[in-house]
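Trainee: Mapping of the sequence shown onto full-length UniProt numbering: position 869 corresponds to residue 869, and the numbering continues sequentially without gaps.
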Amino acid sequence: MDAHNLPFVSEYAKSGRASCKLCKDKIDKDELRLGAMVQSAFHDGKQAQWYHERCFFGKQRPTTEGDVAGFESLRFEDQKRIREKIASLGGGIVEATPTGKGKGKGKKRSAEQSNALKDFGVEYAASGRAVCRGCEIKILKDEVRIKKVDYTTEVGMKYGGQALWHHAECFAKLRSELGYFEKGEALPGYRNLKKEDMETVKRLLPAIKAEEVPAKKLKGEPKDEEETKQEAIDEALYAQQQKALFKIRDKLKDADIKKSEIHAILRANNQAIPEGVDACLMRVSDILTFGALKPCTKCGGQFVLQKSAYICEGNLTEWVKCLTAEAKPARVPAIIPDEIKLQFRFLAKYKSVVSDRVIKYVPPSLSTTMKKVKKEEELTEPKIKREKPPLYNLEFVILGKTETPKDQLKDKILKLGGKVTTKITNTIAAIISTPAEVERMGSRMQEAKDMQIQVVPEDYIEDAKAGGAISYITSKSICDWGSDPHSRIPQDEEKSKSKKSIYTKSVPSKVTLKLKGGLAVDPDSGLGEVAHVYKRDKVIFNCVLNKVDIQTDKNSYFKMQVLEADKGNKYWVFRAWGRIGTTIGGNKLDKCGTVVEATNLFYFHFDDKTGNSFDAHLNGSFSKRPGLYYPVDIDYSDEKTKKLSENNNIKSKLEPAVQDLVRMLFDVDTMKKVMLEFELDMEKMPLGKLSQTQLQGAMKVLSEISNLIANGGSNPQFIDASNRFYTFIPHNFGVQTPTVLDTVEQIKEKQTMLESLMEIEIAYSLLNADTDETKNPLDGHYEQLKTEMQTLDQKSDEFKRLAQYVKNTHAATHNQFDLEVSEIFKIRRKGEERRYKPFRKLHNRKLLWHGSRLTNFVGILTHGLKIAPPEAPVTGYMFGKGIYFADMVSKSANYCATSPANSTGLMLLCEVALGNMMELNQARYVQKLPDNMHSCKGVGKTQPNPAGAYVGPDGVEIPMGTGVTDSKLQSALLYNEYIVYDVAQVNCQYLFKMNFKYKY
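1) Measuring alpha carbon to alpha carbon, tell me which residue in V9, A111, E53, K14 is nearest G66.
2) Starting from the C-beta of E458, find all residues in its chain whose C-beta is less than 7 Å away, skip the five residues before and the five after it, and write them out in chain order.
3) Rounded to whole angstroms, what's the CA-CA distance from A236 to E339? Just pull it up for me.
4) Kindly list the residues whose CB is nearer than 6 Å to the CB of A268, restricted to its own chain and excluding five residues on each side of it in sequence; keep chain order.
5) In terms of residues, what are the limits of the beta strand (DSSP E) holding F8?
6) Measure how close the beta-carbons of I470 and V438 come, nearest whole angstrom, since I'm counting them as under 8 Å.
7) Assess, as a yes-or-no matter, whether the stretch 865-885 is touched by the stretch 697-711 under the definition of 3 or more beta carbon pairs within less than 8 Å.
8) On a CA-only basis, which of K118, K624, D633, I729 is nearest M675? Give me that one, please.
9) Tell me the rounded alpha-carbon separation between L920 and L969.
10) In terms of DSSP beta bridges, what is Q784 paired with?
11) Cutting at 6 Å between CB atoms, please list the residues of its own chain near F541, excluding the five before and the five after it.
12) Pop quiz: W577 and F558 are said to be a contact at Cβ under 8 Å. What is the actual Cβ separation, rounded to whole angstroms?
13) Tell me where the beta strand (DSSP E) around G121 begins and ends.
14) Assign K881 to one of two classes, buried (16 or more other C-beta atoms within 10 Å of its C-beta) or exposed (fewer than that).
15) What do you reckon, are the CB atoms on residue 1013 and L974 nearer than 8 Å?
16) Would you mind stating whether Y764 and M907 have Cβ atoms separated by less than 8 Å?
17) Where are the alpha helix (DSSP H) runs, 4 residues long or more, that stay fully inside the stretch 419-443, in chain order?
18) Is it buried or exposed, C23, if we count other Cβ atoms within 10 angstroms and call 16 or more buried?
19) For my contact list, P329 and F303 are in at a C-beta cut-off of 8 Å; report their separation, rounded to the angstrom.
20) Work out the CA separation of S40 and M758 for me, nearest whole Å.
21) Excluding the five sequence neighbours on either side, which residues of its own chain have a C-beta within less than 6 Å of the C-beta of L545, listed in chain order?
22) Compute the beta-carbon to beta-carbon distance between A436 and P485, rounded to the nearest angstrom, for a pair I have assumed lies under 8 Å.
23) Taking all protein chains shown into account, decide if M282 is buried (16 or more other Cβ within 10 angstroms of its Cβ) or exposed.
24) Look up P631 in the DSSP assignment and give the residues it is bridged to.
25) Is L140 helix, strand or coil by DSSP?
26) Can at least three beta-carbon pairs, one atom from the stretch 133-149 and one from the stretch 380-397, be found at a separation below 8 Å?
27) Return the chain-ordered list of same chain residues with a C-beta closer than 8 Å to the C-beta of D278, the five sequence neighbours on each side being excluded.
28) Whose C-beta lies closer than 8 Å to the C-beta of K341 among residues of the same chain, with five residues either side of it excluded?
29) Leaving out five residues before and five after K239 in sequence, what residues of the same chain have Cβ atoms less than 7 Å from its Cβ?
30) Quick one: residues in its chain with C-beta nearer than 8 Å to the C-beta of R175, no 5 flanking neighbours on either side, listed in chain order?
31) Using C-beta distances below 7 Å, list every residue in its chain close to A565, excluding the 5 sequence neighbours before and after it, in chain order.
32) Count the other C-beta atoms from every protein chain shown that fall within 10 angstroms of the C-beta of L366, then say buried if there are 16 or more, exposed otherwise.
33) Compute the Euclidean distance between the alpha carbons of N987 and E749, then round it to the nearest angstrom.
34) Looking only at C-alpha atoms, which of K800, L654, W849, Q784 sits nearest to R829?
35) Have a look at the DSSP bridge pairing and note the partners of I473.
36) Using the C-alpha atoms, what's the distance from R145 back to A126?
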């Protein structure tokens, strides 16, 4: 693991400025200090919270020296002392204390076990807010709860431990994972429990003997004599080398060698010069002790010792670091310049001896390694299944005078997992009151009626104990109003909250951006009302920069604007920076005296962040520099963001169903949901601002990755391409490390995303285009679609036949939803019939299904179904790049990307001129059809029964028979696929508005 990603760090203090996080005293220069690496709130990176060595272990709990970066560069005696201290903490595991012989005798608990025990405890819950880390259900007030203090979480690292609470039963089930094998009576706080609760804890947590403890929790197996002997030899050599290294370092330091002289030694030996005097001193000490390091053979970079090996710090390309690892890198004798030898007597007789440095590697702990696991692999279910209390997450308001005192009612509700509040809101499950209060209809009861919240009597609480609390709200209601209680119950977000980063940015509430000249002033500047983005001729002084580096876990942004006052000659430069999709970051507003001062400051920061001049960006000669930012290409052409107006004085001439369809097609909120679904960064890449250059560049990168997968690319190649892709298309990963794109499934997903973005861009540009002001906006946008639409009468034979086609061809394996036809529109795309005319004479024409995401349909109706562009990867096209159709409705329906929350989808039924079909039973990438073929058919095992087909007067077949399976057919496909490679072979006939009725 990269040392930059380790949770702790050690070094000798470079100055005396830092203060200890625990005792607050200064840490003296050259004193050993230990730090916890925590996420900075102000920039996209980690920063050390420093401690004196004596204070560090009071707040932090490393379980192995492998978690401590820089450990290998400490003096041997310091390493030994820290290693012993880590061992004394017991790794967070509390073993059962062995009992001695005789009555009442037992062995005394060791110091390391006593230390580990301090991180556990039992008590009564002070409130009902804490969530059990086992079952992920809230622990009710006054319920027994058991904690383990965790030092590896984000909060634990930052604040020196986080208490993770558990129900007693859940703790007992997870005790092996939590490392508690002692009896329950040993828990701190046990003596403060009531007698019956003491008995419960005692019963749940008997001591587990050493032989019953899972092997992985015990210390390593005993080593044989030979292993022990070799380890001792290695340890002695390691100690000898470390002492020799520090002997040279101390002599150089005591001799007051200047920085320039240290640099001269490094240059004489062709070594890179690191930042900081101490790092330079350590590098010189290394080469004088073991020999000068030869450069990396792959990239010519510098090798530096990091934990397990010497790691190359160079760059393979401008997008990816080398990170070649060598345990025994090549060395040559070190050289000391003569003038330095003359100046320092102890160097006069120096003679370099090349030798291998002994590396003592201890791997990081499992918890550190697991932090790098992809988020897709995270547990989605609670570790423990536990039944929720009857009133869990239900909120109540008690109104009026009840038979039972309100305090007692509140206590009952709390014990059943509910909440009692005084404010009536739309999250209240029910009002607890009396018939007299309902009849009196006071102002608060009227408020409940207005919100359609049911009123229930106090005996509801007793009835709900047995379960069915929500259904009882309706059945026991004593009022004549009320909506569905389910709609008022807050979704249980406790699980996600417990796993969310403290830096996670929630979706921002709507911010109205003031557009001036088509550009928005960043609201964080505070100048939106008084200034605008400065333009000089066609040059806009506004930029968004992006830096993605998977190896160092960076997903950074940098925004900058030159702002000019609307009145008077005032200028500012506004900068903002941070990590995409989080609260991490900051901003700065610089006031400038003149426009020249402002633009020069803008140029300076652009150059500093990118290594390029702003002119290079403007004239297309920008060249990416390793470790620096890259500009996101943003389209500034749109003047304003429009939404379809619900209230318009001009009456629409469209049928109501067509009006609803147009409204749905141009729904901005739906477009935004799609972008969020794809984990895109909505702030850096807002709707309508994606340039086609950026999208096409990203598509080319996907093609590259597809080729790497096919040809067995190396890990650095995949990282290089992934960094480029995320730079072109900014993603919101929160605090998670960006995912390396290296599988076929990921490429398919990202390709679908890019295709959807391109279609969204079409819809958005049409939405923002000016329409005829004498017409209703719906009518104007309908005309932009260049498609005539007519609603089919649901009583007509045509509608019934097509609805039957839907019913008959729903495949048995697609059983997660049913399809309900809401509307069918007969459609005619402008110019399509003329284009299709030559193929109307072709034999074998069928009406076939095509499904796509709702947000793609503005583009589909406007420009027709398209074949993937040349830059698109070949991955995901079973039979090559073409237009795909199906004769089973549910096969195409799966491409509509609906969900239980977004259950409306659109599907096309197209007349497809198939002619002679090249039939295939397994995947084959088709680039060109044989001369006598017009289309390709992937033959599936199940297809519509040919006997049930309907052939219309125009000779077009509707394959509407029910599905029949040929079990003898040897095919890789379950269902038929039809592919044409010429867009002119398609004539869109019907548009179906479908309701996807999900079953679970």
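We treat Cβ as the ideally placed atom computed from N, Cα and C, and that holds for glycine.
Mentor: In short:
1) On the sequence shown, residue 66 is found 66 positions in, with the first residue counted as 1. Among V9, A111, E53, K14, the Cα nearest to that of G66 is on V9.
2) Locating residue 458 in the sequence shown gives position 458, where the first residue counts as 1. T402, E403, T404, L409, I432, listed in sequence order.
3) Mapped onto the sequence shown, residue 236 falls at position 236. Mapped onto the sequence shown, residue 339 falls at position 339. Approximately 36 Å, taken between the alpha carbons.
4) For the purposes of this step, residue 268 is identified with residue 268 of the sequence shown, where counting begins at 1. Hits under 6 Å: I335, P337.
5) If you number the sequence shown from 1, residue 8 lands on position 8. It spans 8-12 - the beta strand (DSSP E) in which F8 sits, taken as one unbroken run.
6) Locating residue 470 in the sequence shown gives position 470, where the first residue counts as 1. Locating residue 438 in the sequence shown gives position 438, where the first residue counts as 1. Taking 8 Å as the upper bound for CB-CB distance, I470 and V438 are not in contact here, some 20 Å apart.
7) yes
8) Counting from 1 along the sequence shown, the entry for residue 675 is found at position 675. Among K118, K624, D633, I729, the Cα nearest to that of M675 belongs to I729.
9) Within the sequence shown, residue 920 is the residue found at index 920, counting from 1. Within the sequence shown, residue 969 is the residue found at index 969, counting from 1. Approximately 12 Å between the Cα atoms of the pair.
10) Residue 784 sits at position 784 when you count from the first residue of the sequence shown. In DSSP, Q784 forms no bridge with anything.
11) By one-based count along the sequence shown, residue 541 stands at place 541. These residues qualify, in order along the chain: Y534, V562, F602.
12) In the sequence shown, counting from the first residue as 1, residue 577 sits at position 577. In the sequence shown, counting from the first residue as 1, residue 558 sits at position 558. 5 Å between Cβ atoms; contact.
13) Counting from one through the sequence shown, the residue named residue 121 turns up at place 121. Per DSSP, G121 belongs to the beta strand (DSSP E) from 120-124.
14) By 1-based counting over the sequence shown, the position of residue 881 is 881. Buried, since its Cβ has 16 or more Cβ neighbours within 10 Å.
15) Shown here, the chain extends from 1 to 1000; a query on residue 1013 therefore has no answer.
16) Taking the sequence shown and counting its residues from 1, one reaches residue 764 at position 764. Taking the sequence shown and counting its residues from 1, one reaches residue 907 at position 907. No.
17) 435-440
18) The count along the sequence shown starts at 1 and reaches residue 23 at position 23. Per the 10 Å Cβ criterion, exposed.
19) Start at 1 with the first residue of the sequence shown, and residue 329 comes out as number 329. Start at 1 with the first residue of the sequence shown, and residue 303 comes out as number 303. That pair is a contact at about 5 Å.
20) Along the sequence shown, read from residue 1 onward, the residue named residue 758 stands at position 758. Along the sequence shown, read from residue 1 onward, the residue named residue 40 stands at position 40. If you take the alpha carbons of M758 and S40, they lie about 36 Å apart.
21) One-based indexing of the sequence shown puts residue 545 at position 545. Exclusion of the five residues before and after L545 leaves F558, K609, Y629, P631 as the residues of its chain whose Cβ lies within less than 6 Å of its Cβ.
22) Stepping through the sequence shown from its first residue, residue 436 is reached at position 436. Stepping through the sequence shown from its first residue, residue 485 is reached at position 485. That belief does not hold up - the Cβ atoms of A436 and P485 are roughly 23 Å apart, past 8 Å.
23) Your numbering for residue 282 matches position 282 in the sequence shown. M282 is buried by the Cβ-count criterion.
24) Taking the sequence shown and counting its residues from 1, the one referred to as residue 631 is at position 631. In the DSSP output, where bridge partners are listed per residue, P631 has L545.
25) On the sequence shown, residue 140 is found 140 positions in, with the first residue counted as 1. In this structure, L140 counts as coil in the three-state DSSP scheme.
26) yes
27) Taking the sequence shown and counting its residues from 1, the one referred to as residue 278 is at position 278. If we look at D278 and ignore the five residues flanking it on each side, its Cβ neighbours are E11, Y12, K14.
28) For the purposes of this step, residue 341 is taken as residue 341 along the sequence shown, with counting starting at 1. Excluding sequence neighbours, K341 sits near L347, A348, Y350.
29) Here residue 239 is taken as the residue at index 239 of the sequence shown, counted from 1. According to the sequence shown, residue 239 is Ala rather than Lys. Excluding positions up to five away in sequence, the list reads F76.
30) Stepping through the sequence shown from its first residue, residue 175 is reached at position 175. So the qualifying residues of the chain are F181, L205, I208.
31) For the purposes of this step, residue 565 is taken as the residue at position 565 of the sequence shown. Leaving aside the five residues that flank A565 on each side, the residues in its chain whose CB is nearer than 7 Å to its CB run, in chain order, V530, A531.
32) Here residue 366 refers to the residue found at position 366 of the sequence shown. Looking at its Cβ environment, which holds fewer than 16 other Cβ atoms inside 10 Å, L366 is exposed.
33) For the purposes of this step, residue 987 is taken as the residue at position 987 of the sequence shown. For the purposes of this step, residue 749 is taken as the residue at position 749 of the sequence shown. The straight-line gap from Cα to Cα measures roughly 28 Å.
34) Counting from 1 along the sequence shown, the entry for residue 829 is found at position 829. Considering only alpha carbons, the answer is Q784.
35) Taking the sequence shown and counting its residues from 1, one reaches residue 473 at position 473. DSSP lists no partner for I473.
36) Taking the first residue of the sequence shown as 1, we reach residue 126 at position 126. Taking the first residue of the sequence shown as 1, we reach residue 145 at position 145. Roughly 10 Å separates the two Cα atoms.
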